[in-house]
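Protein chains: 2
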Amino acid sequence: MPPPDGRRARGDRRRREILSATLRVVERDGVAGVSHRSVAREAGVPTTSTTYYYATLDDLLIATLTWSAEEMAASFREVPLTPAAVARFIADAAGAHRGRTLAEYELYLLAARRPELRPAARRWVSLMAEVAGPRDPVRLRAVLAGLDGLLIQALIADFPPMAEDLEPVVSLLMLGG
Amino acid sequence: MPPPDGRRARGDRRRREILSATLRVVERDGVAGVSHRSVAREAGVPTTSTTYYYATLDDLLIATLTWSAEEMAASFREVPLTPAAVARFIADAAGAHRGRTLAEYELYLLAARRPELRPAARRWVSLMAEVAGPRDPVRLRAVLAGLDGLLIQALIADFPPMAEDLEPVVSLLMLGG
DNA sequence: AGACTAGTGGAACAGGCGTTCAACTTTCTG
DNA sequence: CAGAAAGTTGAACGCCTGTTCCACTAGTCT
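Protein sequence lines correspond, in order, to chains A and C.
Quick note on our numbering: the first sequence kicks off at 1 and runs consecutively.
Quick note on our numbering: the second sequence kicks off at 1001 and runs consecutively.
Shown next, in the form of structure tokens:
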């Protein structure tokens, strides 16, 4: 039996390797493509390694998505709160970082069915709220919803939108008509 | 071999039964829960029936989600374009019709990975655009994104939001600050 | 009536799955 | 150094999967 998740141990490196291999599988094939065996193949370790550190598939999935959401929220911290910068962030999320963004939204939907994933799914929402400071809460909710919607609609467009096309919409959302 | 999808035939009733059974499975267990066998069980027909009418699982899934999206878009047609009515629609979608709405968003994410599903996924977006008439396109995109975001965030809330709480946010989105 | 097609359904194949087990090596601890 | 704990691994169990095959019935045409 491995030591409990929080405690440090010798196998920390492998733990991380498994986690990042899982994320790569999710990005490539979606949550549906995650199995002990597919993750083990991707990480180049035997199958039993993944079950050793994460007893069930659920544990593995939850650990991966939680960690990924933390990283994504952290990366949003760097974005200046100007319409142009936010538009660029959205364009990148649907373009260069498309796989990662897809993983994030698979987390959303999984969270809708599994309460234990909800704090992780809401992390970037609450981060945004914190960054925006104590503004008008109604406007804040509208902006948050708008950005989420722009992101998800960008994912199902035939071509990822360009930052310049997004910018006026983001501007309208953030600054008001 | 069954007659091609468009042509009428004797087995039309069963076709519909299989489709609606599939939708029930998606609502209950998500897209991941759909298999020839689980659908056949739900519909009370032998396993081979589902493969007879929909040769592959993909065919079945695509037919189901497309049909469901059409129904959902049609139901939105009835909603008056006032903030209060739209807020009520969102609250119901995350409350009473939660399973159906979840199915809709699983379609979204599947569409991100499979281009053939994208027209169906965008159906309600383009319907909204048509209903709204030739307004300011920037505002239109902002409103559409905002409604999508409100919906998806409502799905990962611990309690579905009430229409009264949604109404000012919807109002801000639709009418501007 | 005979031929043909649509529809029905039981059985089976090969393959992937989650998970467990037991044997083994490495590393830490007293 | 001895013993415990942590880590590693191949093999295996039973289950579910997508799909195919084949035998069969019920309607529909000529």
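All C-beta atoms, glycine included, are put in the ideal place defined by N, C-alpha and C.
In angstroms with no decimal places, state the Cα-to-Cα distance between residue i and residue j.
i          : j          : result
Gly99(A)   : Gln153(A)  : 15 Å
Val1025(C) : Gly11(A)   : 40 Å
Glu70(A)   : Gly1146(C) : 24 Å
Leu175(A)  : Leu1173(C) : 12 Å
Pro73(A)   : Val79(A)   : Note that residue 73(A) is Ala in the sequence shown here, rather than Pro. Taking the straight line from one Cα to the other gives about 10 Å.
Gly44(A)   : Ser20(A)   : 12 Å
Tyr54(A)   : Leu60(A)   : 5 Å
Val34(A)   : Arg28(A)   : 10 Å
Trp124(A)  : Arg1114(C) : 27 Å
Leu1065(C) : Leu1023(C) : 8 Å
Ala157(A)  : Ser1068(C) : 20 Å
Ala1087(C) : Gly30(A)   : 32 Å
Ala1120(C) : Arg139(A)  : 31 Å
Leu102(A)  : Tyr1108(C) : 11 Å
Ala132(A)  : Ser1038(C) : 46 Å
Ser126(A)  : Ile1018(C) : 42 Å
Ala1111(C) : Arg1122(C) : 9 Å
Gly1006(C) : His1097(C) : 29 Å
Pro1004(C) : Glu42(A)   : 40 Å
Glu130(A)  : Ser1171(C) : 24 Å
Ala32(A)   : Ala1032(C) : 7 Å
Ala1009(C) : Met1128(C) : 34 Å
Arg13(A)   : Arg1013(C) : 56 Å
What is the residue span of the alpha helix (DSSP H) that residue i lies within?
i          : result
Arg1024(C) : Asp1012 to Asp1029
Ala1032(C) : Taken as a continuous stretch (DSSP letters only), Ala1032(C) belongs to no alpha helix (DSSP H), as it is neither H nor E.
Ile152(A)  : Pro137 to Leu155
Ala132(A)  : Arg123 to Ala132
Pro160(A)  : Taken as a continuous stretch (DSSP letters only), Pro160(A) belongs to no alpha helix (DSSP H), as it is neither H nor E.
Sort the options by Cα distance to residue i and report the nearest one.
i          : options                                           : result
Gly136(A)  : Glu1017(C), Pro1168(C) and Glu1042(C)             : Looking at the sequence provided, one finds Asp at residue 136(A) rather than Gly. Cα-wise, what sits closest to Asp136(A) is Pro1168(C).
Leu1057(C) : Met1072(C), Ala1163(C) and Ala1040(C)             : Ala1040(C)
Leu1081(C) : Val1143(C), His1097(C), Val1031(C) and Leu1155(C) : Val1143(C)
Gly1048(C) : Gly1006(C), Pro1002(C) and Trp1067(C)             : It is Thr, not Gly, that sits at residue 1048(C) in the sequence shown. Thr1048(C) has its Cα closest to that of Pro1002(C), out of Gly1006(C), Pro1002(C) and Trp1067(C).
Arg1141(C) : Leu150(A), Arg16(A) and Val138(A)                 : Leu150(A)
Phe159(A)  : Ala1009(C), Arg1118(C), Pro1046(C) and Gly1006(C) : Arg1118(C)
Tyr1105(C) : Met1128(C), Asp1148(C) and Glu1130(C)             : Asp1148(C)
Using a Cβ-Cβ cut-off of 8 Å (strictly less than) and excluding sequence neighbours within five positions of residue i, which residues of its own chain qualify?
i          : result
Thr51(A)   : His36
Glu116(A)  : Ile62
Phe89(A)   : Phe76 and Val79
Val1164(C) : According to the sequence provided, residue 1164(C) is Glu. The question's Val does not apply to it. These residues qualify, in order along the chain: Ala1087.
Pro46(A)   : Ala40
Tell me which residues share the same chain as residue i and place their Cβ nearer than 7 Å to its Cβ, disregarding the 5 neighbours each side in the sequence.
i          : result
Pro161(A)  : Ala91, Ala94 and Ala154
Arg1015(C) : Tyr1053
By Cβ distance below 6 Å, which residues in the same chain neighbour residue i in space, the five residues on each side in sequence not counted?
i         : result
Ala947(C) : With chain C running from 1001 to 1177 in the structure shown, residue 947(C) is simply not present.
Practice task
Mind listing, in chain order, the continuous beta strand (DSSP E) runs of no fewer than 3 residues lying wholly within the region 1049-1116 of chain C?
Solution key: none
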